[in-house]
Every structure is written in structure tokens, then in C-alpha cells.
Amino acid sequence: MSNLLRSECIQCLTEQQLRALPDGAGEEQKLEFLQGMFGILSKASREVSAPVLVRDINELSQRIFGGFRDYSVEKEYYNQLLLKKEPEIRKKIHDAQDPLLKALQFSMVGNYIDFSAVNNVEEEYLEKLLKEVEKICNTRETYERLRQDLSRNQNLLFLTDNAGEGGLDKLFLEVIREFYPRLSVKVLVKGKPVLNDMTMEDAVQIGLQDVAEVYDNGNGIAGTWLPELSPRAKAVWEEAEVIISKGQANYETLRLCGRNIYFLFLCKCKMFCENFQVPRYTGVLVHS
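Counting the sequence shown from 1 gives a position; our numbering is that position plus 16.
Take a look at the structure:
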């Protein structure tokens, strides 16, 4: 995948926006929005990733239809759900033969809680994934490389994705700090609400600040778009020697940036499944 922007992404964005058209909107509003959206897509540079276009289209939608899709209820629900499960999952991690690998697998499973890439997030299916966490695919060679990188460096940056899964990321970071106490661990969350991505409010709610230094990235793009990082977030980015990046959107925005990044996510859309040649909801660990 040489370009950040892909034809599959444009098709997916279009389908998502068509499904999300407000029922009560008038014909003139719908026409204005669709013409504006296709204008954004037609003028998009191939060096801009889909998450940036989502931000631009959402701003257009808010201007024409008013308001925005608020995921605060869903975020609160899954934050609390994973907090309740925290003691049980922490015990499973520490009882495992390889606690770091087990914590990584749980972190992968959490990436299911994605109200953008998953049309209907189902608690029952999440429970199934949590019970079958050992079946989550991992690349042993890449995992061993990650362990080596964590052992020989001092500055780790963790890029979060969705609320809810952040509770499992917290447990992963707990184990990383236990295994590699010399590491300075920093976390970037979103600076503004976007989809059900984690913000500073979510981070405080789950106690993420207890295991790492947490900063917001200064923007509301679903991913990590380097041109729009705040000065503080950019400094944290530049200091990092090893980066663990959660979610498909972060992969889309950062895969060509040239940094030492370990991308960690579930393949949830057709393009990712085809590119990595895996079934849907397979966990992937990729080193860039």
C-alpha cells in the first residue's frame, strides 16, 4: 500500500455517510451534503489518509445538518464494563506462562470496540473474543522484536484508539512497566471528541494516568495525523524510541512515517483483511 489514500477507503466512507444521512433531513440539505462530500473526496490528495477526510466530512455534516454523532453513552458503558472486568483479566494475565503476550492479546481483543469500523458492536461477541483471547493471531517474530526493543530503549509512546479498549491497554502497559521498569511510558489520547475514540476524560475515568504520563494530541482526527499534532504532543512523539500504535486509523495515518512503530489492531474491514490475508477480527502485530 504505497499511497495513504486508497480507493477502498473512499468507497467505505461513502457507504458510511449514506447510511448516516439524517432521516428528517430535507432533499436540499441531502443534496448539498452529498455534493460537498464528493467535492472533498474528489479533491483529496493521495497523501491524505481516510481519517483526515472523515474529520472534514463530519465538519461538513455538522454545518449542514447541525449537531454531531455523540458516542459519550457508548464510551461510558464500555469504559465501565472493562473496569468491572479488570481484576479478572489482570489475574488471567499474571497467571499466564507469558504475561506480556497475554496482555498484548487482550489489548488486541479490545480493538473490537469500534463504532466506526464495526456497524453493530455487540457485548456478547466481545465476551466471546475475551474468552478465546489465546486464539488471537500474533506474529511470534514481531513479538520477539518488540520485546527486544522494549528492553534496550528508554522511551515508549503508546497511541490509543477507542474508549473501552483503553482499559485493556492499561493492563498491557502495567505489564510492560513491570517487565521493563527502566522505560518511561507516555500515552497520547485524542484532543477532541471523535467517534468513540479515547479522550483525556476517558483516560482519567479508567485510571490510565496511574500507569503512564497521558497527553492529548490537540486534534479530533481518528488516527495520529502528524501535521496537526499540538506542540506538546509533537515533542512527545519526537522523544519516543519505540511506539506502540493501536487501531486501524493509526495504521492508516502512520504506516509510511518511517518511525519505529509496532501497529496493534484487529482487522475489521475488507481492505485490511485482504491486505493481511486473514479473516475478519484477526489480531495483527506489524512492525514498521
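Glycine included, C-beta positions come from ideal geometry on N, C-alpha and C.
Three CB pairs or more closer than 8 Å across the segment 69 to 76 and the segment 35 to 53: In this structure the segment 69 to 76 lies against the segment 35 to 53, because at least three pairs of beta carbons, one per stretch, are closer than 8 Å.
Contact under 8 Å by Cβ, C285 with V294: Not in contact: C285 and V294 (Cβ atoms no closer than 8 Å).
Segment contact flag, the segment 237 to 257 with the segment 198 to 217, C-beta cutoff 8 Å, min 3 pairs: Segments in contact, yes.
Straight-line Cα distance separating K151 from V191: Approximately 20 Å, taken between the alpha carbons.
Residue nearest to A37 in terms of C-alpha spacing, selected from I26, I56, F81: One point to set straight first is that residue 37 is Leu, not Ala, in the sequence displayed. A check of alpha carbon separations from L37 across I26, I56, F81 identifies F81 as the nearest.
beta-carbon Q170 near the ligand NAP non-hydrogen atom, thresh 7 Å: Annotation note on the ligand NAP: not contained in the displayed structure, which lists no ligands.
S88 versus M214: straight-line alpha-carbon distance, rounded: When the Cα atoms are used, S88 and M214 turn out to be separated by approximately 10 Å.
Buried or exposed by the 16-neighbour rule on C-beta atoms within 10 Å, applied to D39: That one is exposed.
Per-residue burial, Y268 [other beta carbons within 10 Å of its own, 16 or more giving buried]: Just to set this straight, residue 268 is Glu in the shown sequence, not Tyr. E268 comes out buried.
Coarse secondary structure for S261, derived from DSSP in three states: Here S261 carries a strand assignment [DSSP, helix/strand/coil].
A228 versus E44: straight-line alpha-carbon distance, rounded: Looking at the two C-alpha atoms, the distance is approximately 49 Å.
Burial state of S167 (16 or more Cβ within 10 Å): When all chains shown are included, S167 counts as exposed.
Element boundaries [alpha helix (DSSP H), containing E104]: Secondary structure note for E104: its alpha helix (DSSP H) is the uninterrupted segment 88 to 111.
Residue span of the alpha helix (DSSP H) that contains N74, given as start and end: Here the alpha helix (DSSP H) through N74 covers 66 to 81.
Whole-number beta carbon distance between T158 and L334, since they are thought to touch under 8 Å: Since the first residue shown for the chain is 17 and the last is 304, residue 334 is missing from the structure and cannot be characterised.
Q264 versus G42 - alpha carbon distance: Each residue's alpha carbon lies about 34 Å from the other.
Pair within 8 Å by beta-carbon distance, L162 and I259: Not in contact: L162 and I259 (Cβ atoms no closer than 8 Å).
CA nearest to the CA of Q225, picked from K202, E160, D130, L272: Each of K202, E160, D130, L272 was checked against the Cα of Q225, and the nearest Cα belongs to K202.
Cβ-based burial, Y141 [other Cβ within 10 Å; buried from 16]: Its Cβ having fewer than 16 others within 10 Å, Y141 is exposed.
Cβ-Cβ distance between A60 and L21 below 8 Å: Here A60 is near L21, since their CB atoms are less than 8 Å apart.
Cβ pair S200, L245 closer than 8 Å: Cβ distance not < 8 Å, so S200 and L245 don't count as in contact.
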